[in-house]
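Undergrad:
Protein chains in written order, with the UniProt record's numbering: chain A, 1 to 86; chain B, 1 to 285.
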């Protein structure tokens, strides 16, 4: 996951946090999936000029395989290098 | 006191409460729509009593900002609003006391909202029973000392709480047995274009089944947004909606919020816009 995001977005900062444990046992979590919920913070020059929806779509697009195989929810903070400085 | 109280019927202050399921409180005086849960005597002790809380003034103009967040926190708790003469008008509980007060100020005449007493819960996310118990004990305390309930809490008084029913969750189809004559995409498309703000959520508006959906509903309501909800988990009336909507909006998760026919985003985007104040700007248009 990290690699995909890193290489495709040329991310200058990338934090991935597995928060699945907070959601263990909630209805949508399949029995066999244990990596279901993540928080992602990513800073990438490719977000420049894109609105939030487009940025999130880029991240979701990269992770589509994971989303189809048990990943259930991602919390995304997507910034451009400029925004992350301020 | 008992006879006075028996003649009153009180409305429960939470708007989300289903109006129909009443259970008893003392001598059938309060309509109290909670599923019966075991009382938690310890929890009440954590809240200040009504008489112990100190009043915080509310500026008369709704445009004037409320006091600093230290005095009125955006947190769960119980609160009582006093009119200009110092009479208790309404006792409420809320997941976000500050936002509820903002709501009251917009809706209720200013001379009825002169000051407020607040007791914030110790926990960040207290159990619902904890809050309702605190509400009950404030109510009892007030009835004991004055012999009557605050006017805003009497059933049928819609000054403080809205009329009982919230807009129902929209349904895309009449039911699973009905053969659709138009594709689901088209129904979605029409729905998001005919309604200014649509939230596709997991669960119903009054009882979201997912934390992110709940947060989104809370944020939209706190902003006083007029919006409709669609329950993507309703297999009977919205069968196939989850998969179709994911393709329609090119967005893999729920909740999804549409404004003016365009996807605004999910929970993250709505939360961050709310924090930056962009949401209020958007909905003022």
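Positions of the beta carbon are idealized from the N, C-alpha and C atoms, including for glycine. None of the values given here were measured: they were computed from a predicted structure.
Look up residue 18 of chain A in the DSSP assignment and say whether it is helix, strand or coil.
TA: Strand at residue 18 of chain A.
Undergrad: So, under 8 angstroms CB-CB, residue 153 of chain B and residue 217 of chain B are touching, yes? Tell me the CB distance rounded to an integer number of Å.
TA: Incorrect: roughly 24 angstroms between the Cβ atoms, too far for contact.
Undergrad: Going by the beta-carbon positions, is the gap between residue 270 of chain B and residue 263 of chain B smaller than 8 angstroms?
TA: Their beta carbons are not under 8 angstroms apart, which means residue 270 of chain B does not touch residue 263 of chain B by this criterion.
Undergrad: Where does residue 83 of chain B land, buried or exposed, given buried means 16+ other C-beta within 10 angstroms?
TA: With 16 or more other Cβ atoms within 10 Å, it is buried.
Undergrad: Between A:1, A:45, A:53, which lies nearest to residue 16 of chain A when the distance is taken from Cα to Cα?
TA: Ranking A:1, A:45, A:53 by Cα distance to residue 16 of chain A puts A:1 first.
Undergrad: Thinking C-alpha only, which one of A:75, A:64, A:6 is nearest residue 272 of chain B?
TA: When only C-alpha atoms are compared, the closest one is A:75.
Undergrad: Taking 8 angstroms as the threshold (C-beta atoms), are residue 131 of chain B and residue 116 of chain B in contact?
TA: Their beta carbons are not under 8 angstroms apart, which means residue 116 of chain B does not touch residue 131 of chain B by this criterion.
Undergrad: With 8 angstroms set as the bound, which would you pick, yes or no: does the beta-carbon of residue 76 of chain A sit closer than that to a beta-carbon of chain B?
TA: Judged by the 8 angstroms Cβ criterion, residue 76 of chain A is in contact with chain B.
Undergrad: Is the segment 247-257 of chain B touching the segment 62-78 of chain A in the sense that three or more CB pairs, one from each, lie closer than 8 angstroms?
TA: These segments touch.
Undergrad: Residues in the segment 239-261 of chain B with C-beta within 8 angstroms of chain A's C-beta atoms, listed in sequence order?
TA: Residues passing the 8 angstroms Cβ filter: 250, 251, 252, 253.
Undergrad: Residues in its own chain within less than 7 angstroms of residue 225 of chain B by CB, not counting five upstream and five downstream?
TA: Taken in chain order, the residues that qualify are 197, 283.
Undergrad: Please determine, among B:259, B:172, B:206, B:68, the residue with the shortest C-alpha to C-alpha distance to residue 236 of chain B.
TA: Nearest C-alpha to residue 236 of chain B: B:172.
Undergrad: Helix, strand or coil, according to DSSP, for residue 58 of chain B in the structure here?
TA: Reduced to three states, the DSSP call for residue 58 of chain B is coil.
Undergrad: If you check the beta carbons only, do residue 4 of chain A and residue 62 of chain A fall under 8 angstroms apart?
TA: The answer is yes: Cβ separation under 8 angstroms.
Undergrad: Quick check on residue 73 of chain A - is its C-beta less than 8 angstroms from some C-beta in chain B?
TA: Taking Cβ atoms only, chain B reaches closer than 8 angstroms to residue 73 of chain A, which makes this a yes.
Undergrad: Could you pull out every residue in the same chain whose Cβ sits closer than 6 angstroms to the Cβ of residue 41 of chain A, ignoring the five residues on either side in sequence?
TA: Cβ within range, chain order: 15, 77.
Undergrad: Name the DSSP beta bridge partners of residue 82 of chain B, please?
TA: Partner(s): B:88, B:115.
Undergrad: Rounded to whole angstroms, what is the Cα-Cα separation between residue 219 of chain B and residue 204 of chain B?
TA: Near 15 angstroms, if we compare the C-alpha coordinates of residue 204 of chain B and residue 219 of chain B.
Undergrad: What did DSSP end up calling residue 236 of chain B once you bin it into helix, strand or coil?
TA: The answer is coil: DSSP assigns residue 236 of chain B none of H, G, I, E or B.
Undergrad: Quickly, what does DSSP pair residue 149 of chain B with across the bridge? List them, please.
TA: Residue 149 of chain B pairs with nothing; no bridge assigned.
Undergrad: What separation, rounded to the nearest whole angstrom, lies between the Cα atoms of residue 291 of chain B and residue 57 of chain A?
TA: Any answer about residue 291 of chain B is impossible in this case: the structure gives chain B only from 1 up to 285.
Undergrad: Tell me the DSSP secondary structure of residue 39 of chain A in three-state form.
TA: Residue state, collapsed to three classes: strand.
Undergrad: Excluding the 5 residues preceding and the 5 following residue 170 of chain B in the sequence, name in chain order all residues of the same chain whose CB lies nearer than 6 angstroms to its CB.
TA: Only 228, 230 meet the Cβ criterion.
Undergrad: Can you look up residue 49 of chain B in the DSSP assignment and give me helix, strand or coil?
TA: Coil, per DSSP.
Undergrad: Kindly indicate which residue of B:277, B:281, B:275, B:266 has the alpha-carbon position closest to the one of residue 60 of chain A.
TA: When only C-alpha atoms are compared, the closest one is B:266.
Undergrad: Under 8 angstroms between C-beta atoms, does residue 14 of chain A make it to chain B?
TA: Judged by the 8 angstroms Cβ criterion, residue 14 of chain A is not in contact with chain B.
Undergrad: Less than 8 angstroms between the beta carbons of residue 78 of chain B and residue 110 of chain B, yes or no?
TA: Not a contact, by the Cβ cut-off of 8 angstroms.
Undergrad: Per the DSSP calculation, residue 170 of chain B is bridged to which residue(s)?
TA: Answer is B:230, bridged to residue 170 of chain B.
Undergrad: Buried or exposed, going by whether 16 or more other CB atoms sit within 10 Å of the CB of residue 44 of chain A?
TA: Buried, since its Cβ has 16 or more Cβ neighbours within 10 Å.
Undergrad: Can you tell me where the alpha helix (DSSP H) holding residue 64 of chain A begins and where it ends?
TA: First-last of the alpha helix (DSSP H) with residue 64 of chain A: 64-68.
Undergrad: Considering only residues of the same chain and omitting the five flanking positions on each side of residue 108 of chain B, which have a CB-CB separation below 7 angstroms?
TA: Answer for residue 108 of chain B: 159, 160, listed in chain order.
Undergrad: What does the Cβ neighbour count give for residue 213 of chain B, buried or exposed, with the cut at 16 atoms within 10 Å?
TA: Residue 213 of chain B is buried by the Cβ-count criterion.
Undergrad: Is residue 188 of chain B close to chain A? Criterion is C-beta to C-beta, closer than 8 angstroms.
TA: Not closer than 8 angstroms to any Cβ of chain A, the Cβ of residue 188 of chain B fails to qualify, so no.
Undergrad: Mind pulling the chain B residues with CB within less than 9 angstroms of residue 52 of chain A?
TA: Simply 264, 265, 268, 269, 272, 273.
Undergrad: Whole-angstrom Cβ separation of residue 193 of chain B and residue 261 of chain B, contact assumed at under 8 angstroms?
TA: Contact holds; Cβ gap of about 4 angstroms.
Undergrad: Since residue 75 of chain A sits in a beta bridge, which residues does DSSP pair it with?
TA: Paired residue(s): A:39.
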